[in-house]
Every structure is written in structure tokens, then in C-alpha cells.
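Q: Protein chains in written order, with the working numbering: chain Z, 111 to 395; chain S, 111 to 395. Each residue gets a CB set at the ideal place from its N, CA and C atoms; glycine is no exception. Here the structure is a predicted model, which means the values were calculated and not measured. Before I ask anything, let me first share the structure, which is written out below as C-alpha cells.
Protein chains: 2
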Amino acid sequence: MTSEPNLLAVIQRQLSELNKSESKVAHAILNAPEEATRLSIASLASAAGVSEPSVNRFCKRFGATGFPDFKLQLATSLASGVRYVSRAVEFSDDINTFPVKLFNNAITALMTAKEDLPLKAIARAVDQIAQARRVYFFGLGTSAAVARDAEHKFFRFNVPVFTHEDPLMQRMLAASAGVGDLFFFISHTGRTKVLIETADIVRQTEASIVSLTAEGSPLAQKSHCCINVTVEEDTEQYLPMTSRLVQLVILDVLAAGVTLRRGEGFTPHLARIKDSLKDTRFPTS
Amino acid sequence: MTSEPNLLAVIQRQLSELNKSESKVAHAILNAPEEATRLSIASLASAAGVSEPSVNRFCKRFGATGFPDFKLQLATSLASGVRYVSRAVEFSDDINTFPVKLFNNAITALMTAKEDLPLKAIARAVDQIAQARRVYFFGLGTSAAVARDAEHKFFRFNVPVFTHEDPLMQRMLAASAGVGDLFFFISHTGRTKVLIETADIVRQTEASIVSLTAEGSPLAQKSHCCINVTVEEDTEQYLPMTSRLVQLVILDVLAAGVTLRRGEGFTPHLARIKDSLKDTRFPTS
DNA sequence: CGGCTTTTGTAAGAATATTACGAATAATGC
DNA sequence: GCATTATTCGTAATATTCTTACAAAAGCCG
Numbered sequence: 111m112t113s114e115p116n117l118l119a120v121i122q123r124q125l126s127e128l129n130k131s132e133s134k135v136a137h138a139i140l141n142a143p144e145e146a147t148r149l150s151i152a153s154l155a156s157a158a159g160v161s162e163p164s165v166n167r168f169c170k171r172f173g174a175t176g177f178p179d180f181k182l183q184l185a186t187s188l189a190s191g192v193r194y195v196s197r198a199v200e201f202s203d204d205i206n207t208f209p210v211k212l213f214n215n216a217i218t219a220l221m222t223a224k225e226d227l228p229l230k231a232i233a234r235a236v237d238q239i240a241q242a243r244r245v246y247f248f249g250l251g252t253s254a255a256v257a258r259d260a261e262h263k264f265f266r267f268n269v270p271v272f273t274h275e276d277p278l279m280q281r282m283l284a285a286s287a288g289v290g291d292l293f294f295f296i297s298h299t300g301r302t303k304v305l306i307e308t309a310d311i312v313r314q315t316e317a318s319i320v321s322l323t324a325e326g327s328p329l330a331q332k333s334h335c336c337i338n339v340t341v342e343e344d345t346e347q348y349l350p351m352t353s354r355l356v357q358l359v360i361l362d363v364l365a366a367g368v369t370l371r372r373g374e375g376f377t378p379h380l381a382r383i384k385d386s387l388k389d390t391r392f393p394t395s
Numbered sequence: 111m112t113s114e115p116n117l118l119a120v121i122q123r124q125l126s127e128l129n130k131s132e133s134k135v136a137h138a139i140l141n142a143p144e145e146a147t148r149l150s151i152a153s154l155a156s157a158a159g160v161s162e163p164s165v166n167r168f169c170k171r172f173g174a175t176g177f178p179d180f181k182l183q184l185a186t187s188l189a190s191g192v193r194y195v196s197r198a199v200e201f202s203d204d205i206n207t208f209p210v211k212l213f214n215n216a217i218t219a220l221m222t223a224k225e226d227l228p229l230k231a232i233a234r235a236v237d238q239i240a241q242a243r244r245v246y247f248f249g250l251g252t253s254a255a256v257a258r259d260a261e262h263k264f265f266r267f268n269v270p271v272f273t274h275e276d277p278l279m280q281r282m283l284a285a286s287a288g289v290g291d292l293f294f295f296i297s298h299t300g301r302t303k304v305l306i307e308t309a310d311i312v313r314q315t316e317a318s319i320v321s322l323t324a325e326g327s328p329l330a331q332k333s334h335c336c337i338n339v340t341v342e343e344d345t346e347q348y349l350p351m352t353s354r355l356v357q358l359v360i361l362d363v364l365a366a367g368v369t370l371r372r373g374e375g376f377t378p379h380l381a382r383i384k385d386s387l388k389d390t391r392f393p394t395s
């Protein structure tokens, strides 16, 4: 499965290097991609104003074995949700375009992350969490919200979980750590100074560090176990959006892992927690 | 574009109602879906141990106009990333299966939401946020983390933003609201009593209510503008996972909307905020 | 067991895609 | 500016793939 990012983008990019009839075909396809997947070679040829073999040659030029194969690839790359060649939101966008773009970005980020999950690290992290006496989730900025989310998930496992957004609190807790304590750091960049300083403090104790951050970053280097999330995101220009989504799903994965670890006997406990919320809600009509 | 969720799932579901040769074809396809998209009708027929017309009839039974059309649909639904028929994590799952399942669930949730975005409500919400004098993001439980995330996003727009997880604080702030205040409620169910009571309090003031919640829920009914997120999720049995992802992306959409609204002249302001963080990080090597 | 319906395969036919080849066009050299 | 060559393109034949019509087989009920 050669994961050519997006056939349409490839065509778009090579547009200038195509000869006359090939470029006619290219335009016909770019104008109505989804329709092209349904057309026969004859229909597409006439729509583009060229002959059938020209269409066939076009397909082969782009790596397909023939027209049917090309249609298949086209359909696949359309379905991947990454329809739009340009991913970034621009000021010319309107309500009909930018929401879809953002959703597509989020979807591709998750799909990319899915392809390359650090399963070993995840398994190890599940181990550590399942055995920990206490777990601290620390993040700053956007990652603080992720940490908060993690807290809401993990407290259900009978493990005392703590979150603090205040760096000073984080430091003090780090300093008073001991055996069985687990510090779970969340950071997109892995370069936030105060967070790394806190990690340094933890390293002087018997506690262990798991982090969800960028590969090879200073924070990653200080961790006993690091779950790498490599989401390429233009953080310089835009706000981090997709990376935190990936982080959240990874935390879901960890939570599920701990649940599985606890075994089926644990479900009643989870059910009890659920039930405790029942009276806080209006019943469904 | 009839968004049939997933062809494989449909086949799986109808498996028991198929006759002998149809079920042979079904199994052949379910065993090797991606290969089936590349096979000719003759190859698939022999792989399944049936005749070509049987395969053809099978295709028509599932809504395709013929075999090529079927292959197209199959390719499309495979590309959507939702390869696995069973969505729920089971106790028999191991590290190789459940992370992928969870990612797939997240991806489909976003894709489904994308298909049916309430653009009008989003546009209205952007209007309201852009004009508001103050914005309060209120949520409880998991949604509190989402609210926190929203706070981190929206403060950049020079609009005073507030989040509080404490229901009592939420009530008091609601009571002291006035013209130009905007209360943004986030709730998966839309049925949380304390949150709805707070909404009631807001309604007695001049402030307005925007909510991100389930369609038709009590909370939705009390809102001036409601962004419906219909994520079908078994909240009774599992923790809400996918719904909050959709909520987060919707908030990204709103943030992007406000940015576009502010116009290009606003980018320097955003850049300044970015820059302010520079010294908190270790430089990239 | 015999008539009925349903299911399935055979074989012919239609549609579709591919290849080979030659004509047209453009490019290069003199 | 003309001849030569290379590239591009379309026609037509061929091969492949799909669909349909029909009949045989299998299952069902009296």
C-alpha cells in the first residue's frame, strides 16, 4: 500500500509538465473528481475532448496499470477526506469551505497517527499506569486541558489522579514524589522550560516519568517512557489543533488499555461510577 | 452522496440473510476486502467458488449498479479508514487491535460530523462571539476540559473569556450577566441539571446563550443558538470519547471563523501572542 | 412424487478497456 | 525553409471484462 498522499494533489502539481491532451484530461478530472470515478473511459475521453487511448496513457503516467486501476486510486484518495489540495485556512475562505478544511485536517492527523502508533511505548505506559500508586498529569497551556481530560478519565481506575495547571504546584508535587508515583507529562513541543525543570526535579526522586510529546525533544529525553506523537503541524503560525486531538485519543487508548488490564471483573466498578451521575441529569424523554 | 456508513459493516450485518452462493461471495470479500477491489469479477468468482453472475447479483443486492460500481463503493469505504466491522473494544482485544479500533472510532466520528455540519448555527455562533463583550465557557465533567481548551483558544481575540468548573461560580456569574455577555455551554447530553439551571438563570438576564450540545435536548431548547453535534455514542456503557473530539474541532472551527472575521489586520496581534511564549521554550536544536 | 418457487450456472452478447499501428503535429538540424 | 526525426495523438482491431437471457439444478410444499 504505497500511501501516495493524494492523487489529485499529484496531478495538480504536475499540471505544467503535461502535454496538450494529458492536460485536457487532467482538467476534466480536477473539475469533477468524484464524477470521474463513475465515468467510463469513453465518457471521460469525450468529456475531456480527447481519444480513449489518451486517457489510458494519462492513467499510466500517474502510476496506474490502466484506467480501472486509476479510477480506484482516485476513489480512494477522494474518500480519504483530503479533497482539498490546500490544507491551510485562508482569508478567502468562507463558511462553506473552512469548517470542512479543519475537519479534514483533524481527520488526516488521526489517520496519519494511526498508521504509526508507538505500540510498545503505549503498552509500557499502560503497565506503569496500572501499577502506579499515584498518577500526576501535568501540562501547560493547551496541554493543560488535555491533562484535565486525562484526569477525568483515569480517576475511574481507583488510582489517585492529580492535575495541576500551576507550575509551582507541579514543582512542589514533583519534589515530594516517591516510589510508585508516576508523572505523566503532556507537551506538544516537549520544549517548555518550566515543565522540563519539573521533570528534572522528578528525576531526583524515585518516581517515574511517562511523557506524551515530540520525539527526541528535551522532555522526551528525560522520560523513562515516552509516547511519541509526531504530528506535523505549523505551530509557529497557527494554534496547535490537531496535535491535541491525537494526544486525547492516545489517552483514550491508554485508558482502554488499563481497563483491559483490570479485566472483566472491573466493569461493575465502572458502572457504579456511571450510575452515580444518573441523578444529575434530566431523564431522556 | 448517500453516505452509507460502511459497506463491509452492511455486508456483515446481512450475512445471515444471504443464500449459499451470496454468502460465499460475502466471505471472500470480508476476508480480503482490499484485494477484492483489485480483482476482476472472474477472479473473485473463482476465489469465492461461485459463478460470475452470482457475484454480479451479490453486487446488485447491496445497491450497486454492477460489479465495477460495487468495487468503487468498496474501495471508498475501505479508504475511509474504518476497516473493522466491530467498533467496540472487547476484553479479547490486545495491544495490536484496540488502539487501532479507538482511532478508527475517532476518525469515523469526525467524518460523520463533517458530513452534516450545522453551518448556519456555526456562522451565527461566530457572529455572536465576535461581537460579545465577554464570553463564558461553561461545561462540567469531560466538557469542562473542552471549555478549558476553548478558553485557551479564544482569549487571543481580545475578548475577555472566562471558564469555571465550579457550578456555584457558574451560577453566580450567570446571575450577574448583562447585555453583551455570551454564555457558551458545552454538554454532550444536554441534560445535566446544574448546567441547565444555570442556563435558566442566564435567560432571566439580557445575556445570550450559545450551546454545543445534543439536538433537542433541554439545554438546546434554552439556547438562543445551538450547535448540534449528533455523535452516536454509547455513553451509558463507555466513557464519552468521540463526542468531545467533535466538540473540540467545532470550537476550532469557531475560532477560525472569528479569526477570518477579524480580517488580515489581526494576524500581527496573534503573532505577538505567539512570540510571548518564545522565551518559555528551549530553542529547537 | 410432481408442480412450484428459488437459486445457480452456462453461454451468448454487450460494454469496456487495451494495444498496435499509422497519421498528424511539433521539434530539430542543415 | 525544407527535410528528417521525434513526439503526440487518434483510428481501428483486439482483448478483456461485465451483463443478460435462459435453462438446469436445488429446495419447498402439497
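Give a yes or no on whether the C-beta atoms belonging to Q280 (chain Z) and L305 (chain Z) are separated by under 9 Å.
A: Here residue 280 (chain Z) is taken as the residue at index 170 of the first sequence, counted from 1. Here residue 305 (chain Z) is taken as the residue at index 195 of the first sequence, counted from 1. Yes.
Q: Using a Cβ-Cβ distance cut-off of 9 Å, determine whether V165 (chain S) contacts chain Z.
A: Within the second sequence, the letter at position 55 stands for residue 165 (chain S). Cβ-Cβ to chain Z under 9 Å: no for V165 (chain S).
Q: Measure the C-alpha to C-alpha separation of R258 (chain S) and F208 (chain Z) and round it to an integer number of angstroms.
A: Taking the first residue of the second sequence as position 1, residue 258 (chain S) is located at position 148. Taking the first residue of the first sequence as position 1, residue 208 (chain Z) is located at position 98. Near 23 Å, if we compare the C-alpha coordinates of F208 (chain Z) and R258 (chain S).
Q: Answer with buried or exposed for L364 (chain Z), where buried requires no fewer than 16 other C-beta atoms within 10 angstroms of its C-beta.
A: Within the first sequence, numbered from 1, the residue matching residue 364 (chain Z) stands at position 254. L364 (chain Z) comes out buried.
Q: Please state whether DSSP places V245 (chain S) in a helix, a strand or coil.
A: The residue given as residue 245 (chain S) occupies position 135 in the second sequence. In this structure, V245 (chain S) counts as strand in the three-state DSSP scheme.
Q: For T175 (chain Z), count neighbouring Cβ atoms within 10 angstroms of its own Cβ and tell me buried if that reaches 16, exposed if not.
A: As a working note, residue 175 (chain Z) is residue 65 in the first sequence. With fewer than 16 other Cβ atoms within 10 Å, it is exposed.
Q: Any beta carbon from chain S within less than 9 Å of K332 (chain Z)'s own beta carbon?
A: Looking up residue 332 (chain Z) in the first sequence gives position 222. With 9 Å as the cut-off, K332 (chain Z) does not count as an interface residue toward chain S.
Q: So which of Z:S164, Z:A287, Z:V320, Z:F213 has the shortest CA-CA distance to K224 (chain S)?
A: For the purposes of this step, residue 224 (chain S) is identified with residue 114 of the second sequence, where counting begins at 1. Comparing Cα-Cα distances from K224 (chain S) to each of Z:S164, Z:A287, Z:V320, Z:F213, the minimum goes to Z:F213.
Q: Compute every distance between the C-beta of V320 (chain S) and the non-hydrogen atoms of the ligand ATP, then say whether any falls below 8 Å.
A: This structure lacks the ligand ATP; in fact it carries no ligand of any kind.
Q: Measuring straight from C-alpha to C-alpha, what distance separates S333 (chain S) and Q314 (chain S)?
A: For the purposes of this step, residue 333 (chain S) is taken as residue 223 along the second sequence, with counting starting at 1. For the purposes of this step, residue 314 (chain S) is taken as residue 204 along the second sequence, with counting starting at 1. Each residue's alpha carbon lies about 12 Å from the other.
Q: Shortest alpha-carbon distance to Q183 (chain Z) belongs to which of Z:C335, Z:L118, Z:S321, Z:H262?
A: As a working mapping, residue 183 (chain Z) is identified with position 73 in the first sequence. Here the closest residue by C-alpha is Z:L118.
Q: Could you tell me the alpha carbon to alpha carbon distance between C335 (chain Z) and G367 (chain Z), rounded to whole angstroms?
A: For this step, residue 335 (chain Z) is matched to residue 225 along the first sequence. For this step, residue 367 (chain Z) is matched to residue 257 along the first sequence. Cα-Cα distance, rounded: 16 Å.
Q: Taking one C-beta from the region 308 to 328 of chain Z and one from the region 263 to 272 of chain Z each time, how about it: are there three or more such pairs within less than 8 Å?
A: no
Q: So what does DSSP say about I319 (chain Z), is it helix, strand or coil?
A: As a position in the first sequence, residue 319 (chain Z) is number 209, starting the count at 1. Reduced to three states, the DSSP call for I319 (chain Z) is strand.
Q: Is there at least one Cβ from chain S nearer than 9 Å to V210 (chain Z)'s Cβ?
A: In the first sequence, residue 210 (chain Z) corresponds to position 100, counting from 1. Output row for V210 (chain Z): interface = yes.
Q: I'd like the list of long-range same chain contacts for L355 (chain Z), defined as Cβ closer than 8 Å, with 5 residues on each side in sequence excluded.
A: Counting from 1 along the first sequence, the entry for residue 355 (chain Z) is found at position 245. Closer than 8 Å at Cβ, skipping near neighbours: A216, A219, L220.
Q: Is A136 (chain S) near L149 (chain S), with beta carbons less than 9 Å apart?
A: By one-based count along the second sequence, residue 136 (chain S) stands at place 26. By one-based count along the second sequence, residue 149 (chain S) stands at place 39. Going by C-beta atoms, A136 (chain S) is not nearer than 9 Å to L149 (chain S).
Q: Can you list, in chain order, the residues of its chain whose CB lies under 6 Å from that of R193 (chain Z), leaving out five sequence neighbours each side?
A: Position 83 of the first sequence holds residue 193 (chain Z). Reliability of the predicted coordinates at R193 (chain Z) is poor, the pLDDT of 45 falling under 50, and no value is obtained from them.
Q: By Cβ distance, which residues of its chain are closer than 6 Å to A138 (chain S), with the 5 residues on each side in sequence left out?
A: Translated into positions along the second sequence, residue 138 (chain S) becomes position 28. Excluding sequence neighbours, A138 (chain S) sits near A157, A158.
Q: Is the Cβ-Cβ distance between T323 (chain Z) and F295 (chain Z) less than 9 Å?
A: Stepping through the first sequence from its first residue, residue 323 (chain Z) is reached at position 213. Stepping through the first sequence from its first residue, residue 295 (chain Z) is reached at position 185. Yes, the pair counts as a contact, with Cβ atoms nearer than the cut-off.
Q: What did DSSP end up calling R171 (chain Z) once you bin it into helix, strand or coil?
A: The count along the first sequence starts at 1 and reaches residue 171 (chain Z) at position 61. If DSSP states are grouped into helix, strand and coil, R171 (chain Z) belongs with the helices.
Q: How is R354 (chain Z) classed by DSSP in three states: helix, strand or coil?
A: On the first sequence, residue 354 (chain Z) is found 244 positions in, with the first residue counted as 1. Reduced to three states, the DSSP call for R354 (chain Z) is helix.
Q: Do A146 (chain Z) and K181 (chain Z) have their C-beta atoms within less than 9 Å of each other?
A: Taking the first sequence and counting its residues from 1, one reaches residue 146 (chain Z) at position 36. Taking the first sequence and counting its residues from 1, one reaches residue 181 (chain Z) at position 71. Their beta carbons are under 9 Å apart, which means A146 (chain Z) touches K181 (chain Z) by this criterion.
Q: Indicate the three-state DSSP secondary structure (helix, strand or coil) for F392 (chain Z) in the structure shown.
A: Within the first sequence, numbered from 1, the residue matching residue 392 (chain Z) stands at position 282. Of the three classes helix, strand and coil, the one that applies to F392 (chain Z) here is coil, per DSSP.
Q: Can you grab the Cα-Cα spacing for the pair K134 (chain Z) / E200 (chain Z), in whole Å?
A: Within the first sequence, numbered from 1, the residue matching residue 134 (chain Z) stands at position 24. Within the first sequence, numbered from 1, the residue matching residue 200 (chain Z) stands at position 90. Approximately 28 Å, taken between the alpha carbons.
Q: Express the C-alpha separation of R301 (chain S) and K263 (chain Z) in angstroms, rounding to a whole number.
A: Taking the first sequence and counting its residues from 1, one reaches residue 263 (chain Z) at position 153. Taking the second sequence and counting its residues from 1, one reaches residue 301 (chain S) at position 191. When rounded, the distance between both Cα atoms is 20 Å.
Q: For a test of the three-state rule: what should DSSP assign to T112 (chain S), helix, strand or coil?
A: Indexing the second sequence from 1 puts residue 112 (chain S) at position 2. Interpretation of T112 (chain S) is limited by its pLDDT of 35, a score under 50 that renders its predicted location unreliable; no figure is taken from the coordinates.
Q: Alpha carbons only, please: which of S:L188, S:D389, S:F172 is nearest the one belonging to N141 (chain S)?
A: On the second sequence, position 31 is the one that residue 141 (chain S) refers to. Of the candidates S:L188, S:D389, S:F172, the one whose C-alpha sits nearest the C-alpha of N141 (chain S) is S:L188.
Q: Quick one: what does DSSP say D310 (chain S) is sitting in, helix, strand or coil?
A: By 1-based counting over the second sequence, the position of residue 310 (chain S) is 200. Reduced to three states, the DSSP call for D310 (chain S) is helix.
Q: Output needed for E162 (chain Z): all residues of its chain with C-beta closer than 7 Å, excluding positions within five of it in sequence on either side, in chain order.
A: Position 52 of the first sequence holds residue 162 (chain Z). Hits under 7 Å: I151, A152, A155.
Q: Measuring CB to CB, does G251 (chain Z) end up less than 9 Å from L387 (chain S)?
A: Walking along the first sequence from the start, residue 251 (chain Z) turns up at place 141. Walking along the second sequence from the start, residue 387 (chain S) turns up at place 277. Yes, Cβ-Cβ distance for G251 (chain Z) and L387 (chain S) is below 9 Å.
Q: By DSSP's criteria, T222 (chain S) is part of a beta bridge. Which residues make up the other side?
A: Start at 1 with the first residue of the second sequence, and residue 222 (chain S) comes out as number 112. DSSP, once it has assigned bridges, lists no residue as partnering T222 (chain S).
Q: Let me know the secondary structure DSSP gives F293 (chain S) once reduced to three states.
A: Numbered from 1 along the second sequence, position 183 holds the residue referred to as residue 293 (chain S). F293 (chain S) falls in the strand class under three-state DSSP.
Q: Out of S:E307, S:K230, S:A260, which has the shortest C-alpha to C-alpha gap to L278 (chain S)?
A: The count along the second sequence starts at 1 and reaches residue 278 (chain S) at position 168. Selected option, being the one with the closest Cα: S:E307.
Q: Could you list the residues in the region 230 to 262 of chain S with a C-beta less than 9 Å from some C-beta on chain Z, going in chain order?
A: K230, I232, A233, V236, L250, G251, T252, A254, A255, V256, A257, R258, D259, A260, E261, H262
Q: Excluding the 5 residues preceding and the 5 following A285 (chain Z) in the sequence, name in chain order all residues of the same chain whose CB lies nearer than 7 Å to its CB.
A: Indexing the first sequence from 1 puts residue 285 (chain Z) at position 175. I311.
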